[in-house]
Structure formats: structure tokens, C-alpha cells
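Q: Pasting a structure here, questions to come.
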Amino acid sequence: MSSPALPARGGPGEAQPSLETMERRFRALVGGLLALAVSSCLFFAVTSKLEADEEHEITATWSPIAARLYQQLSAAGPSEEGGPLALRGPLLPIRVDEYNTRGRVDTRVFLALPPELRPSDPQQPPVQVAVLRYEELELRHYGRSGRGGDLTRERQGCQLLLYDVLTNQLVGERRLECPDPLPKNYGDRARLIVQPEQILAALRELER
8 MSSPALPARG GPGEAQPSLE TMERRFRALV GGLLALAVSS CLFFAVTSKL
58 EADEEHEITA TWSPIAARLY QQLSAAGPSE EGGPLALRGP LLPIRVDEYN
108 TRGRVDTRVF LALPPELRPS DPQQPPVQVA VLRYEELELR HYGRSGRGGD
158 LTRERQGCQL LLYDVLTNQL VGERRLECPD PLPKNYGDRA RLIVQPEQIL
208 AALRELER
């Protein structure tokens, strides 16, 4: 007595996909993946372009105002009033370093400011100005790398000076330093500079 025949895989009468159908499905899958990759690249390119345009507009609009205010406030004396300090907007951050000694808008800090402090109308003069004087602190050596070169990192410092424009007085001051670099993070440039978050935190500390 013979054993009963097993039904064909896929059920009786069901045809298997042809080679041409499988190739068509594969091409559609590859095309979909390529379209997704191109869309992602376009999204990031457009986003980067918009961010660059925004930074350029901020620089073009506010740097002339920053340079004028920096010259005006450079000879301002300290405030004689005591008590708590209130942060008020609009607050314009001004960057000064070895490449920009006349002062210009600090775009990174400008974009990091909360809405209630960020300037929006160049026709409305800032109430307060935060002058940020950046400098390189030191070049530290951590020994030798595996390739025989020196492991060195520079640290950035920043002097924060808060001015009241209406009274033309210095009302607060802080000294900031970027985190101490570590050899294992040798290639991480972000740890070399004073971050906007540190500056905003220092401004809030002045307010207390």
C-alpha cells in the first residue's frame, strides 16, 4: 500500500513567483531604498542650508549693532547697586576674540537664548549686553600616541561681562572654562570650546 502524496508547497494549484516577478520586486525594493536615501540626503542638505542662511542673516543684521555697543560699553564702570540681578531682554551676546577684537554678534549664543531674551527687532535696542571674551588657556601634553606623536589639547576660556545698556554699567561678571580635555577624546573638538549652555547657565547664576 503506497503512502498518500504530500500536497505541493503553497497549496494546490498555487503558482510560484516567476524569476521575472522576483526580479521586478527586487528592483522595486532597491528603488525604494535609493529613494529613501536620496530623500534623507536632501532633507539634511536643505536643513543645513536653512541653518546657514539663518546664521548669515543674524550675523549681517546684528554684528554692526554689536560692534557699536561694544565700543560704547568698553569704558563702562561697574554698577554700585547691590541686590539681585534680573536678566531682561532683548539681550545681545557679543563675541570678542583674537580674530574679532571689535566685537560681533555671538551667533551660537544668540540662537541658544530663550525666546524671552533673544532679540528679534534690530530697531529695538538691546536692554542688556553679554560681552564674551574668548581666549585659549593652555596647551596640555598627555604623553605620546600609538603613532609616536604628542597627545596635546588646547582649552578655551571665556570672560562673561554683563552690561546694562540703559545705565551704561557693568552689572555682572563670570569666568568660564571649557571642560578639561582627556586623551581618549583627543579628536572630539566639541570639548575644546566653551559651550552656549555653559554661558546660559552662568547668566542664570548671575541672576540669583
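According to this note's numbering, the sequence shown is numbered sequentially starting from 8.
Even for Gly, the Cβ is constructed at its ideal location relative to N, Cα and C.
Computed from a prediction, not measured in an experiment: that's the story for all the values here.
1. Opposite D171 in the DSSP bridges: which residues?
2. By the three-class DSSP mapping on this structure, what secondary structure does T54 have?
3. If you compare alpha carbons, which of L92, A93, P71, Q163 is closest to L139?
4. Report the residue from F33, G179, L118, L43 whose alpha carbon sits nearest the alpha carbon of E62.
5. Which word fits Q135, buried or exposed, when buried means at least 16 other C-beta atoms lie within 10 angstroms of its C-beta?
6. Taking only the alpha-carbon atoms, compute the straight-line gap between Y77 and R109 and give it to the nearest angstrom.
7. Please check the pair Q176 and A74, which I expect to be a contact at CB under 8 Å, by giving their CB distance rounded to whole angstroms.
8. Closer than 6 Å by C-beta to L124: which residues in its own chain qualify, once you throw out the five before and the five after it? Chain order, please.
9. I'd like the list of long-range same chain contacts for Y106, defined as Cβ closer than 6 Å, with 5 residues on each side in sequence excluded.
10. With distances taken from CA atoms, which of L173, R102, L36 is nearest V201?
11. If you draw a straight line from the alpha carbon of E94 to that of E161, how long is it in whole angstroms?
12. Just mark D113 as buried or exposed, buried being the case when its beta carbon has 16 or more other beta carbons within 10 Å.
13. What are the start and end residues of the alpha helix (DSSP H) that includes V201?
14. Which residues does DSSP list as the beta-bridge partners of P85?
15. DSSP state of E143, grouped into three classes?
16. Where does G38 fall in DSSP's three states?
17. When the distance is taken between beta carbons, is L199 closer than 9 Å to R181?
18. From this set, P129, S81, A137, which residue's C-alpha is nearest R115's C-alpha?
A: Short version:
1. In DSSP, D171 forms a bridge with Q135, Q176.
2. With a pLDDT of only 49 at T54, under the threshold of 50, the placement of this residue in the model should not be trusted; the figure read from the coordinates follows. In the structure shown, T54 sits in a helix (DSSP, three-state: H, G or I).
3. Selected option, being the one with the closest Cα: Q163.
4. Of the listed residues, the one whose Cα sits closest to E62 is L118.
5. The residue is buried, with at least 16 neighbouring Cβ atoms inside 10 Å.
6. When the Cα atoms are used, Y77 and R109 turn out to be separated by approximately 7 Å.
7. About 20 Å separates the two Cβ atoms, so there is no contact after all.
8. Shown here for L124: same chain residues with a beta carbon closer than 6 Å to its own, the five before and five after excluded, namely G96, L98 in chain order.
9. Non-local C-beta neighbours of Y106 in its own chain, meaning closer than 6 Å and more than five positions away in sequence, are absent.
10. Ranking the options by Cα distance to V201, first place goes to R102.
11. The displayed chain sequence assigns Leu, not Glu, to residue 94. In a straight line, the C-alpha of L94 is about 32 Å away from that of E161.
12. It is buried - the Cβ of D113 has at least 16 other Cβ atoms within 10 Å.
13. Neither: V201 is in no alpha helix (DSSP H) and is coded neither H nor E.
14. Its beta-bridge partners are L177.
15. For E143, the secondary structure class from DSSP, reduced to helix, strand or coil, is strand.
16. Assigned with DSSP and collapsed to three states, G38 falls in helix.
17. R181 is not a Cβ neighbour of L199, given a cutoff of 9 Å.
18. The shortest Cα separation from R115 among P129, S81, A137 belongs to A137.
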